[in-house]
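Colleague: In the working numbering, the protein residues as written are 102 to 280. Backbone N, C-alpha and C fix where the C-beta goes; we use that ideal spot for every residue, glycine too.
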Amino acid sequence: MRKPTCPVCQWPGCNQPGTHRAPKGRMAEGEYWQYCIDHVRAYNQSYNYFAGMSDSAVYAYQKDALTGHRPTWRMGTREEGGAKATDGRSDPFGFGAEMGGHASGFQPREETRPIRTAERQALEMLGLEMSATPAEIKARFKELVKKHHPDVNGGDTSAEERLRNVIQAHSTLKKAGFC
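1) By the DSSP assignment, the alpha helix (DSSP H) with Q146 in it spans what residues?
2) Just verifying my parser: in three-state terms, what is the DSSP assignment at R122?
3) Within the same chain, show all residues whose beta-carbon is closer than 8 Å to that of N116, passing over the 5 residues directly before and after it, in chain order.
4) Closest by CA to R221, which one among Y150, T273, H170 and E237?
5) Beta carbon of A123, beta carbon of N149: below 8 Å?
6) Would you check if the distance between the CB atom of M231 and the CB atom of V267 is smaller than 8 Å?
7) If you draw a straight line from the alpha carbon of S252 to that of F194, how long is it in whole angstroms?
8) Once you ignore the five residues that flank A277 on each side, which residues in its own chain have a CB closer than 6 Å to its CB?
9) Suppose you measure from the CA of G183 to the CA of I216; what does that come to, to the nearest Å?
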């Protein structure tokens, strides 16, 4: 049986086996030189895909590479801003609004983050709704501190415990950015 032969290194004057491929260059995409290990290393050290290109051409290539050298279009170029599709489709989930347009009949929602369990419990401890403003939280905190302070309650230990809970609830809300 014959062994498959390996191509000879294509470096001028070299007769070593050309076991390594090296790209021929920008204008010969998909074509390769066959070099031995020493010459492929030398070639790779000096290889520059952008050799001979102006700075503006290199920038244009890099910009096109972001989209895989495929055509793109600006979003929202229609005058109505994508408010409604021309074929009568609606946008019930507001995707058009998220992309900068205003879907017909839909108003963008205010950004809200989910309220965690500890924050919900802290609001309940203060006797406030989930939609309480920072001013309402602060006012309610001051009111409860005055109500449950040991000096007002004559050293009642249950009032001290309620005061600790109120202070803990306020610090939880403060750390979460509610006030």
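Modeller: With the structure as the only source:
1) Where Q146 is concerned, the enclosing alpha helix (DSSP H) stretches over I138 to S147.
2) strand
3) If we look at N116 and ignore the five residues flanking it on each side, its Cβ neighbours are V109 and C110.
4) T273
5) no
6) No. Outside cutoff.
7) Before going on, a small fix: residue 252 reads as Asp here, not Ser. When rounded, the distance between both Cα atoms is 56 Å.
8) E220
9) Residue confidence is low: G183 scores 46 on pLDDT, short of 50, so the model does not pin down where it sits. No coordinate-derived value is stated.
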